[in-house]
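Take a look at the structure set out below.
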Amino acid sequence: MRIGNLAVAGGLLLLVAGCWGGEEKQARHAGEQAAVGEQTSRPPAKPPPPRKIDCDRVKCVSLTFDDGPGPHTARLLDTLKAGGVRATFFMLGEVVQEHAGVVRRMALEGHEVANHTWSHPDLTGLSPKEVRSQIERTQKAIRNASGVEPALMRPPYGATNDEVGRTVGMPQILWSVDTKDWQFRSVSRDTKVGITKPERGGIVLYHDVHKESVDSIPKVVEGLKKRGFTLVTVTEMFRGEQLKPRETYTEAPVEAEPLSASPTPGSPTGTAPEPTPTGTSPTGTSPTGTSPNPGQ
Ligand SMILES: [Zn+2]
Numbered sequence: 093m094r095i096g097n098l099a100v101a102g103g104l105l106l107l108v109a110g111c112w113g114g115e116e117k118q119a120r121h122a123g124e125q126a127a128v129g130e131q132t133s134r135p136p137a138k139p140p141p142p143r144k145i146d147c148d149r150v151k152c153v154s155l156t157f158d159d160g161p162g163p164h165t166a167r168l169l170d171t172l173k174a175g176g177v178r179a180t181f182f183m184l185g186e187v188v189q190e191h192a193g194v195v196r197r198m199a200l201e202g203h204e205v206a207n208h209t210w211s212h213p214d215l216t217g218l219s220p221k222e223v224r225s226q227i228e229r230t231q232k233a234i235r236n237a238s239g240v241e242p243a244l245m246r247p248p249y250g251a252t253n254d255e256v257g258r259t260v261g262m263p264q265i266l267w268s269v270d271t272k273d274w275q276f277r278s279v280s281r282d283t284k285v286g287i288t289k290p291e292r293g294g295i296v297l298y299h300d301v302h303k304e305s306v307d308s309i310p311k312v313v314e315g316l317k318k319r320g321f322t323l324v325t326v327t328e329m330f331r332g333e334q335l336k337p338r339e340t341y342t343e344a345p346v347e348a349e350p351l352s353a354s355p356t357p358g359s360p361t362g363t364a365p366e367p368t369p370t371g372t373s374p375t376g377t378s379p380t381g382t383s384p385n386p387g388q
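Taken in order, the sequence shown gives residues 93 to 388; the numbers are from the numbering used here.
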């Protein structure tokens with residue numbers, strides 16, 4: 093990630109405008125700001141760097157949240173902050189602006205901001221020009237809101253192919269655990285899956301646009317910690333490995349060690365098939381057009 097100097101400068105200008113803009117302007121914006129939980133006090137200067145956590149030595153897992161930001165995202169940030177953990181947010185460019193304050197807070201609290209396209213199309217059905225537009229507009233929106241340039245993207249539905257990968261030009265992050273939270277909308281199920289399925293190096297897919305998903309996270313964080321996991325961003329988990337543009341990643345490689353060779357006795361493994369018609373999560377490093385799935 094690199095800091096967008098222009099965006100930071102823009103943020104400072106806005107702050108100045110906020111200080112000198114007069115009561116009438118402030119009153120006009122007060123409602124909007126309250127609605128999105130926008131921060132009006134002076135924020136820290138810049139986001140913290142990724143932490144130096146050696147995921148070869150500690151048991152790491154990444155929680156990822158797609159399709160936001162939305163009305164529940166600020167509450168999710170409260171939960172993550174209370175737990176002292178970091179996550180990765182794959183966001184839609186078209187909703188970033190209206191929750192700009194939340195996106196800025198996300199970055200300042202050390203979470204990873206990442207690109208999930210502008211409007212969630214199946215990229216395999218678009219022209220290269222359209223794909224580029226989906227990615228670039230979103231990069232700009234996130235940079236403007238947070239001051240940070242996303243380094244990672246996730247194709248909607250996990251749908252990608254060689255041409256999309258080439259056009260996107262960023263590492264494509266898929267997942268090893270699909271909670272299917274968008275489908276079941278059940279706090280108890282989201283909680284159970286989130287605690288029991290992840291394995292070391294895993295990438296867990298949730299959607300912070302759903303209330304039930306956000307409701308489940310306090311217990312998921314607690315349960316994963318009890319299983320000995322350290323919750324990190326995707327970039328933190330791959331630290332040391334240079335992620336390649338155009339490649340897809342579903343989990344971080346784990347060195348074979350007794351610690352991670354088998355699941356804890358009594359815990360279900362992460363490989364049990366889900367009782368749904370949509371099949372298993374994508375695997376391997378080069379899916380070729382995974383069939384679209386309406387909620388991902
Ligand atoms: Zn999605």
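Note that beta-carbon positions come from the ideal geometry of N, C-alpha and C, so glycine has one too.
Just so we're clear, the structure is a prediction, and the values are computed from it rather than from any experiment.
First and last residue of the uninterrupted beta strand (DSSP E) at residue i
i: A206; result: E204 to N207
i: K151; result: K151 to D158
i: T180; result: T180 to M183
Counted within 10 angstroms of its Cβ, other Cβ atoms place residue i as buried (16 or more) or exposed
i: Q189; result: exposed
i: E124; result: Unreliable positioning characterises E124 in this predicted model, as indicated by a pLDDT of 38, which lies under 50. The coordinate reading is nonetheless provided below. With fewer than 16 Cβ atoms within 10 Å of its Cβ, E124 is classed as exposed.
i: Q264; result: buried
i: A137; result: exposed
i: S308; result: buried
i: P220; result: exposed
i: R258; result: exposed
i: L200; result: buried
i: F321; result: buried
i: K289; result: buried
i: S354; result: Its pLDDT being 44, under 50, S354 is placed unreliably by the model, and the measurement read from it follows with that caveat. Counting Cβ neighbours within 10 Å, S354 comes out exposed, since fewer than 16 surround it.
i: G193; result: buried
i: E115; result: Low per-residue confidence applies at E115: pLDDT is 36, beneath 50, and the placement is therefore not dependable, though the value from the model is reported in the following sentence. Classification for E115: exposed.
i: Q226; result: buried
i: D254; result: exposed
i: E347; result: exposed
i: G217; result: exposed
i: R197; result: buried
i: D146; result: exposed
i: P141; result: exposed
i: G332; result: exposed
i: P345; result: exposed
i: R178; result: buried
i: S280; result: exposed
i: S211; result: exposed
i: R246; result: buried
i: G176; result: exposed
i: G202; result: buried
Residues that residue i bridges to, as DSSP identifies them
i: M329; result: None, per the DSSP bridge assignment.
i: D270; result: L297
i: T322; result: C152
i: T340; result: Q264
i: M245; result: N207 and Q264
Element boundaries [alpha helix (DSSP H), containing residue i]
i: P220; result: P220 to S238
i: D170; result: T165 to G175
i: S280; result: V279 to T288
i: R196; result: A192 to L200
Meets three-Cβ-pair contact criterion under 8 Å: the segment 165 to 175 and the segment 312 to 321: yes
With a cut-off of 8 Å, do at least 3 Cβ pairs link the segment 143 to 154 to the segment 283 to 293? yes
Three-pair Cβ contact test at 8 Å for the segment 219 to 236 versus the segment 177 to 187: yes
Stretch pair the segment 235 to 251 + the segment 273 to 283: three plus CB contacts closer than 8 Å: Judged by Cβ distances under 8 Å, the segment 235 to 251 makes no contact with the segment 273 to 283, as fewer than three pairs qualify.
The segment 331 to 341 / the segment 244 to 258 touching (three or more Cβ pairs under 8 Å): yes
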